Amino acid sequence: MTDIAMPAALSDEALARESEIAQGRIRAHRRNIIGLRLAVLVIVLGGWEIAARQKWIDPFFYSMPSMIWDQIVEWVRDGTSQGPLWKQVLVTLEETVIGFLIGSVAGVICGILLGRNKLLSEIFSIYIQIANSIPRVVLGSIFVIALGLGMASKVALAVVMVFFVVFGNAFQGVREADKYMIANAQILGASPRQLTTAVVIPSAMSWILASLHVSFGFALVGAVVGEFLGAKEGIGLLIATAQGAFNASGVFAAMIVLAAVALLADFLLTSLEKRLLKWRPAAF
Amino acid sequence: MSGTGKKDEGSAIEFRGVSLRFISADGNATVALRNFSMAVARGEFVAIVGPTGCGKSTTLNMITGLLKPTVGEVRVMGQPVTGIDPRIGFVFQADAVFPWRSVRDNVAAGPMFRGQPKKQAHELADEWIQRVGLNKFGDHYPHQLSGGMRKRVALAQTFINNPEILLMDEPFSALDMQTRTLMQDELLQLWAGTGGSVVFITHDLEEAIALADRVFVLSARPGTLKRVYEIDLPRPRVMSEVRYEPGFIELSKHIWNDLREEVAIH
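Chains as they are written, first to last, in our numbering: chain A, 2 to 285; chain B, 481 to 746.
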């Protein structure tokens, strides 16, 4: 303390008290948000349940939460008509992951190669845009015809779904690499190869990782739609079977299983992204 | 050409009647530089001032070899420019440090690109980090540093390669006044230890006079050399004091008169 006395309202104790009150308020706010989120969930699910039980909507078509829950429990306990549930999940997951890996690796490589070459990038940029706007899911029919009912056709569809998204982003990321940074590296002594590995790829990395997030979802859609179009096992087939049996609860239950898988994958990708992009400001 | 080779052995950089025709992205041809000649001696600090768009930065790009003169010749250390010379260092106006590398890895980039083993490069980098006063920040990432500190990283990154020719393109223009003054002192100190030549582009007249041995004034586009001023202020100079010396004020009046004519045209 200096000789000029601090006003009492600015003393250490007063400040500590103030921050305690402020922190308490922040905690209370967080609790409120969580509470309100739960309330929304309860109202939506409860409203659905009540509406179905009161026959305001037909549970035969629209099911209801308790029936969906029973369906999941039944699948877990007794297995599905195609075998145990975990096996269906595993098959779909396998197709998704293989498709995702092939599609994203190929997308990154092609994107970087094309992005680094001015002529190629000028020629192909228009086709990339076109390919991106085509509904690629339709190709699933071709793959089922050509590759059969096995895993290959689903993987192929997942690859196609993933490839263009990752490719487009890697391509864009490479082209957005800062020209001063490139010149700086060149003058510091970087060879063309060092330029690619030390400057171009790291600067494209945030674009690429952003696309991986979206594209895992696409891979899952590719695999499920592929199974839907014709398969011997997998969640997509489960949905198709449920649809054929007019089992709305089955469709919803399969949807929830898929959502759980997608959320888990998203969590894993987010932690990977945080590790790889630790150089980036947190507020991004 | 070859007959005059002996005479300019002392020059680090030489422009001989250089003109540059520039083709822009939309296909228009313009003349950026017209019949430009100058020589920078070894160990000399030269500042280039001129109105916006007069081709100041273009001269630097011709020294690095990124641009080729349409007419005339550019020589570095007595040799015609063929590509990026490893003896050249460049400090940019924009932030050109690598945001995904820590300060240490940024500073070590040059030696590592040039084939030094990582351990050795890091030791050397630590030395330079110390020299620019960032000892505690070796493991920080650029986004965690202030603008002035990032500029220090850029200086260390350049000086670690021991450049015999240092090119600087308005390196401090984005900094605030106080930081800029500190960085100018820092630069003079670092430069004093190297004996290299510096070409410093700026639009700040006082900065040019305070730092340089000679100031080159360029005319408006198409740029050509208008006048050369010898700055005979004694060294070592201290930025906060040199600008109040009578000689400094006299020079800055003169040069400003020259420059005003060029700026007024546009």
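From the three backbone atoms N, C-alpha and C, an ideal C-beta is built for every residue, glycine too.
Given the structure is predicted, the values throughout are model-derived calculations rather than measurements.
For residue i, three-class secondary structure by DSSP
i         : result
Gly727(B) : helix
Asp665(B) : helix
Asn737(B) : helix
Ser499(B) : strand
Tyr709(B) : strand
Glu494(B) : strand
Gly703(B) : strand
Pro622(B) : helix
Ala17(A)  : helix
Trp447(B) : Absent from the model: residue 447(B). The displayed extent of chain B is 481 to 746, so no value can be given.
Lys599(B) : helix
Thr484(B) : Confidence at Thr484(B) is low in this model, with a pLDDT of 38, below 50, so the placement of that residue is unreliable and no value is reported for it.
Gly535(B) : coil
Met65(A)  : coil
Phe578(B) : coil
Leu547(B) : coil
Arg26(A)  : helix
Ser272(A) : helix
Glu177(A) : coil
Ala505(B) : coil
Leu278(A) : coil
Ser12(A)  : coil
Gln72(A)  : helix
Ile35(A)  : helix
Gln187(A) : helix
Arg54(A)  : helix
Asp267(A) : helix
Pro591(B) : helix
Pro716(B) : coil
Ala284(A) : Residue placement at Ala284(A) is flagged as unreliable, the pLDDT there being 48, under the threshold of 50; a coordinate-derived value is accordingly withheld.
Met2(A)   : Confidence at Met2(A) is low in this model, with a pLDDT of 49, below 50, so the placement of that residue should be treated as unreliable; the coordinate-derived value is given next. Of the three classes helix, strand and coil, the one that applies to Met2(A) here is coil, per DSSP.
Endpoints, the beta strand (DSSP E) within which residue i is located
i         : result
Val612(B) : Where Val612(B) is concerned, there is no enclosing beta strand (DSSP E), given that its DSSP letter is neither H nor E.
Thr510(B) : Ala509 to Ala521
Val526(B) : Phe525 to Val529
Beta-bridge pairing of residue i - partner residues as DSSP gives them
i         : result
Pro560(B) : Arg555(B)
Ile568(B) : Ile645(B)
Unbroken alpha helix (DSSP H) run spanning residue i, endpoints
i         : result
Arg587(B) : Per the sequence shown, the amino acid found at residue 587(B) is Val instead of Arg. Val583 to Val587 is the span of the alpha helix (DSSP H), which, as asked, contains Val587(B).
Arg632(B) : Gly627 to Phe639
Met7(A)   : Taken as a continuous stretch (DSSP letters only), Met7(A) belongs to no alpha helix (DSSP H), as it is neither H nor E.
Val722(B) : Met719 to Val722
Closer than 7 Å: residue i CB and nearest the ligand PLP heavy atom
i        : result
Val41(A) : The ligand content of the structure shown is nil, which means the ligand PLP is not present either.
Stretch pair the segment 650 to 670 of chain B + the segment 679 to 695 of chain B: three plus CB contacts closer than 8 Å: yes
Segments of 4+ residues assigned as alpha helix (DSSP H) that fall wholly inside the segment 78 to 160 of chain A: 86 to 117, 119 to 134 and 140 to 148
Ordered list of alpha helix (DSSP H) runs contained in the segment 189 to 250 of chain A, each at least 4 residues: 193 to 196, 202 to 230 and 236 to 245
Contiguous alpha helix (DSSP H) assignments of at least 4 residues, all confined to the segment 642 to 698 of chain B: 657 to 672 and 685 to 691
Stretch pair the segment 268 to 282 of chain A + the segment 489 to 508 of chain B: three plus CB contacts closer than 8 Å: no
Segment contact flag, the segment 568 to 579 of chain B with the segment 630 to 645 of chain B, C-beta cutoff 8 Å, min 3 pairs: Between the segment 568 to 579 of chain B and the segment 630 to 645 of chain B there are three or more inter-stretch CB-CB distances shorter than 8 Å, so the stretches are counted as touching.
Validate contact between the segment 219 to 227 of chain A and the segment 137 to 151 of chain A using beta carbons, cut 8 Å, 3 pairs: yes
Three or more C-beta pairs below 8 Å linking the segment 691 to 704 of chain B and the segment 514 to 530 of chain B: yes
Given 8 Å, three or more beta-carbon pairs between the segment 167 to 179 of chain A and the segment 205 to 216 of chain A: yes
The segment 225 to 242 of chain A touching the segment 79 to 99 of chain A, judged by at least three CB pairs closer than 8 Å: yes
The segment 732 to 743 of chain B contacting the segment 540 to 550 of chain B, beta-carbon criterion three pairs below 8 Å: no
Cβ contact (3+ pairs, closer than 8 Å) linking the segment 510 to 523 of chain B and the segment 152 to 162 of chain A: no
Contact between the segment 595 to 604 of chain B and the segment 658 to 677 of chain B (3+ Cβ pairs under 8 Å): At 8 Å Cβ cutoff, the stretches do not touch.
Touch test, the segment 121 to 128 of chain A against the segment 65 to 80 of chain A, Cβ-Cβ under 8 Å, three pairs minimum: By the Cβ rule, the segment 121 to 128 of chain A does not count as touching the segment 65 to 80 of chain A, because fewer than three pairs are nearer than 8 Å.
Meets three-Cβ-pair contact criterion under 8 Å: the segment 715 to 724 of chain B and the segment 551 to 564 of chain B: no
Stretch pair the segment 571 to 580 of chain B + the segment 506 to 515 of chain B: three plus CB contacts closer than 8 Å: no
Any 3 or more C-beta pairs closer than 8 Å across the segment 200 to 210 of chain A and the segment 171 to 179 of chain A: yes
Sufficient close CB pairs (3 or more, under 8 Å) joining the segment 664 to 673 of chain B to the segment 623 to 637 of chain B: yes
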